[in-house]
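The opening residue of the sequence shown carries number 19 in our numbering; numbering runs sequentially from there.
Backbone N, C-alpha and C define an ideal beta-carbon position, used for all residues, glycine too.
As the structure is a prediction and not an experimental result, all values here were calculated from the model.
Notes follow once the structure below has been shown.
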Amino acid sequence: MASFNLENTNFELLIRKNTQVNYLGNFEPTKNFTDNPIMVKINEIFYTSQRIIIDCFIKTNFNEIMNTKMNKIVGYGSITDGTFKLEVRILNFSNDEYLKKKINKGDHINIIGISQATDPVHLLVNDINDIIKLDGHMPFLKLLKANQVPSKRKLSEDSTETEKKDNLFNILINLIFMLI
Numbered sequence: 019m020a021s022f023n024l025e026n027t028n029f030e031l032l033i034r035k036n037t038q039v040n041y042l043g044n045f046e047p048t049k050n051f052t053d054n055p056i057m058v059k060i061n062e063i064f065y066t067s068q069r070i071i072i073d074c075f076i077k078t079n080f081n082e083i084m085n086t087k088m089n090k091i092v093g094y095g096s097i098t099d100g101t102f103k104l105e106v107r108i109l110n111f112s113n114d115e116y117l118k119k120k121i122n123k124g125d126h127i128n129i130i131g132i133s134q135a136t137d138p139v140h141l142l143v144n145d146i147n148d149i150i151k152l153d154g155h156m157p158f159l160k161l162l163k164a165n166q167v168p169s170k171r172k173l174s175e176d177s178t179e180t181e182k183k184d185n186l187f188n189i190l191i192n193l194i195f196m197l198i
């Protein structure tokens with residue numbers, strides 16, 4: 019994927035002098051996806067552009083922080099699977115609603131959102147209802163050891179032609195499924 023689009027879209031859009039542009043309104047990313055989210059691991063978030071579910075644990079409790087770009091209060095926190103960690107931003111966040119869910123550091127959860135490849139890589143979540151508390155807890159020491167940030171895999175120059183073809187085939191299959 020080219021760096022011109024911050025690697026967060028699967029297409030390139032060219033606008034020329036003769037291009038007509040119609041304003042249809044603001045894009046609300048988590049409300050425009052009506053399909054069922056797919057289950058992925060934290061280190062696989064780069065390979066989909068649809069809503070995803072991640073089975074994980076709370077690494078850092080969520081808290082209200084003013085996002086100056088959006089001019090609104092957003093919930094910031096992080097999740098882990100024991101190896102990888104991922105920053106999470108909850109758009110319509112309320113500390114009171116979060117406290118009612120009784121979610122604490124280390125708690126096992128499922129979280130639904132859309133991966134964002136912008137720096138830093140993060141999961142964009144619509145609201146606190148997209149977090150489902152599950153049974154289970156990750157020990158504090160294991161939470162501390164989870165410090166790898168997910169990154170895109172790159173084909174190395176020493177990859178065999180078969181590996182390159184297999185990787186290209188997998189990318190094409192994923193693109194086809196995203197278009198369906």
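Got a sec? Which residues, its chain only, sit under 7 Å from residue i by beta carbon, not counting five neighbours each side?
i	result
Leu152	His126, Ile127, Asn128
His155	Gly124, Asp125, His126
Glu175	Note that Glu175 has pLDDT 48, beneath the 50 cutoff, so the model's placement of it is unreliable and the number below is only indicative. Excluding residues within five positions, none has a Cβ falling inside 7 Å.
By alpha-carbon positions, which one of the options ends up nearest to residue i?
i	options	result
Ile149	Lys163, Phe111, Met156, Asp137	Phe111
Pro157	Lys120, Gly131, Asp73, Thr98	Thr98
Lys87	Gly95, Leu109, Tyr116	Leu109
Gly93	Ile189, Ile56, Thr37, Val143	Val143
Thr78	Arg107, Tyr41, Ile56	Arg107
Lys160	Ile130, His140, Ile76, Asn113	Ile76
Asp73	Asn36, Arg34, Ile56, Asn89	Ile56
Gln166	Gly100, Asn44, Ile91, Asn81	Gly100
Phe102	Lys163, Glu115, Thr66	Lys163
Asp137	Ile146, Asn147, Leu104, Asp114	Leu104
Would you decide whether residue i is buried or exposed? Buried here means 16 or more other CB atoms lie within 10 Å of its CB.
i	result
Ile63	buried
Val39	exposed
Ile70	buried
Ser133	buried
Gly95	buried
Asn36	exposed
Tyr41	exposed
Pro168	buried
Ile189	exposed
Ile146	buried
Leu32	exposed
Is any heavy atom of the ligand SAM found at a distance shorter than 7 Å from the C-beta of residue i?
i	result
Ile129	What this structure holds is no ligand at all, so the ligand SAM is not there to describe.
Just curious, the beta strand (DSSP E) that residue i is in, first and last residue?
i	result
Phe75	70 to 85
Glu58	The residue you asked about is not Glu; residue 58 is Val in the sequence shown. Segment 56 to 58, the beta strand (DSSP E) holding Val58.
Within the same chain, show all residues whose beta-carbon is closer than 6 Å to that of residue i, passing over the 5 residues directly before and after it, in chain order.
i	result
Ile91	Glu82, Met84
field: Those runs of the beta strand (DSSP E) which lie wholly inside the region 90 to 158 and span at least 3 residues
entry: 90 to 98, 103 to 110, 125 to 134, 140 to 145, 149 to 155
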